[in-house]
Each structure stands twice: as structure tokens, then as C-alpha cells.
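Participant:
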Amino acid sequence: MSLQIQMLGTGSAFAKTFYNTSALIRSNEMNILIDCGATTPRSLHEIGVQPDQIDGIIISHIHADHVGGLEEIAFRLLYQYKNKKTKLFLTESLAGVLWENTLKGGMYNPADGFSRLEDYFEVILIEENVPTSIQPGLTIEFISTLHIPHKLNYSLFINGRTFYSADTQFNEELLVQEIVNKRNCHTILHDCQLSGNGFIHATLEELLTLPDYVQERVYLMHYDDDMMNFVGKTGSMTFIHQHEVIEIPE
Ligand SMILES: O=c1ccn([C@@H]2O[C@@H]3COP(=O)(O)O[C@H]3[C@H]2O)c(=O)[nH]1
Ligand SMILES: [Zn+2]
Ligand SMILES: [Zn+2]
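Counting along the sequence shown from 1, when you hit position 101 you're at 1087 in the working numbering, and nothing is skipped either side.
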């Protein structure tokens, strides 16, 4: 089974020319979404993927550029596709916060029997740091990473060979020792803040300190609108683009 990742968006939270960073893990048998930001439903529409063709959605953390499109997907499955539900893969702690602090405001409707996350999604709770088979041929490990202090956040190992950072601060030890030296990950999709101090995202300056053999595996995503000014200035790393498809190891 050949496995691909197609980027639905590659922009930062405030980018206007690029959609929110999210991706589709694709094969002949599945479409699994990584995050679903406010612009993700539009991107899915542009590549011809309808809500009922999504087999599940993985959630990395709660910011609107990663979960702001969930309400639309769930409501369309319910109302346009007649009571359909997609799977939602996330950790238990994230599930509680996602419903209580994000989705409930728009989706709480007890009169019609919709008062819990489970009323809209088939919720599949995943234990962090445990590789978990979520579909035939697809194993995901939620790695707890630091984005904003005291805020739940996960990066993903896909089939043990591809690393998807979602939103994280720079962590050289994780990238070099764990991801490349120990796990031999060949593909790293990493968020990248192009200028200024990082604070909550890895900056280009920090990522450029990685050894060349690590940089060669890195695709940069979650970048600002001025990305074109940085083409040719990313060492051995490559920008990945909206709707681009890359093959990943099974
Ligand atoms: O402590 C904070 C919290 C948020 N922010 C901004 O809001 C954005 C939310 O989505 P994001 O995580 O992709 O990027 C974040 C930043 O751009 C910030 O700069 N510092
Ligand atoms: Zn983000
Ligand atoms: Zn974030």
C-alpha cells in the first residue's frame, strides 16, 4: 500500500495567502486528516474531498488554525450527509478541553440530543507516547511536545518513520537524537517561524542549526506570507506547498 501526505494548507495562524497548516494522509484505502483549521474545509473542497470521504481526523492541539473547521465538518456530516460521523483521534485530556472550551459554544444542542463530543464524532481516545494502529496500514504515536507552557500539545510519528511537528518549539534533542538517529525518520514536516523570536514555534534560525543530514529530511510548513523572501535561505530544508503530495514510508 502506497502512502502519501497531501498538504491542505501550509500557512501560519495569521497567514492570508496560505491556508492553515493541515494535511491529509492518503492511500487508496483512506483519507485521514491531521488537524482541521478554519480554512481546511475550503481546501478539502478544492481537492474534491467531501466530508463523508474523511475516515478520521487527528487533533494535535487546540488553536483555531488547527480545530476551527471541526464544527463545519461535523455539522455537514450531520445535516447534509444525514447523521454521518467521522472518527476523531485524540488524547483523553485534549477531548475534554476540545468539547468544553471550544466546540460546545456552537454545537451544544440538548433539545436534539447533541450535548457531548461523542454525539458528533466517533471519538477514539489515543494514549500519548504509545504507537497505536488507527487504520489498517497506519500507526500513529502522539508525542507530547512543548508549544505553549502548560497547554496540551502533540506532535505525531506516522508509522514510526515520518515526523509531523504540528506546532512546537524547537527541540534539537528530539529532532536529532530521537527522530533521526534512533528512529531513522526519513521525512520531517516541521512548523517554521521565518523571522523574529520563536517563543512558541521553531524559528528558521533554530532549524538552520540542525546538522545537514537532518535538514535534508525537513519540509518546512506553518510559515508566514513572506515565505517567498526566504526561498534559497533554508539550508538543506525545503518549503512544502499547499496541496503538494509527498510519498511517505509505509
Ligand atoms: O502565547 C501565544 C499564543 C498565541 N500566539 C499567536 O497566536 C497563534 C495561535 O496559533 P499558532 O499556535 O499557530 O500561532 C500562534 C501565535 O501566532 C502567540 O504568539 N503567543
Ligand atoms: Zn498553528
Ligand atoms: Zn498552535
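Backbone N, C-alpha and C fix where the C-beta goes; we use that ideal spot for every residue, glycine too.
The beta strand (DSSP E) with TYR1199 in it runs from where to where?
Facilitator: Unbroken run through TYR1199 is the alpha helix (DSSP H), 1198–1201; no beta strand (DSSP E).
Participant: Does the Cβ of LEU1194 have 16 or more other Cβ atoms within 10 Å, making it buried, or fewer, making it exposed?
Facilitator: exposed
Participant: Helix, strand or coil: which one does DSSP assign to LEU1194?
Facilitator: coil
Participant: Looking only at its own chain, which residues have a Cβ that is under 8 angstroms from the Cβ of ARG1203, when we skip the five neighbours before and after it?
Facilitator: Cβ neighbours of ARG1203 within its own chain (closer than 8 angstroms, five residues either side excluded): VAL1166, CYS1171, HIS1172, THR1173 and ILE1174.
Participant: Does DSSP put ASP1105 in a helix, in a strand, or in coil?
Facilitator: helix
Participant: Please return the same chain residues whose Cβ sits closer than 6 angstroms to the Cβ of ASN1231, not counting the five positions on each side in sequence.
Facilitator: The sequence given here has Val at residue 1231, not Asn. Closer than 6 angstroms at the Cβ level, and outside the excluded window around VAL1231, lie GLN990 and GLN992.
Participant: Would you say the beta carbon of HIS1031 comes nearer than 7 angstroms to a heavy atom of ligand 3?
Facilitator: HIS1031: no, Cβ never under 7 angstroms from ligand 3.
Participant: For LEU1063, which residues of its own chain have a beta-carbon under 7 angstroms away from its beta-carbon, when the five flanking residues on both sides are left out?
Facilitator: PRO1037, ASP1038, LYS1070, LYS1071 and THR1072
Participant: Using beta-carbon positions only, say whether ILE1120 and ILE1126 come within less than 8 angstroms of one another.
Facilitator: yes
Participant: Identify the continuous beta strand (DSSP E) that holds MET993 and give its terminal residues.
Facilitator: In the DSSP annotation of this structure, the continuous segment of the beta strand (DSSP E) that includes MET993 starts and ends at 989–995.
Participant: Could you give the first and the last residue of the continuous beta strand (DSSP E) run that contains PHE1000?
Facilitator: Taken as a continuous stretch (DSSP letters only), PHE1000 belongs to no beta strand (DSSP E), as it is neither H nor E.
Participant: For ligand 1, is there any heavy atom lying closer than 7 angstroms to the beta carbon of ILE1134?
Facilitator: yes
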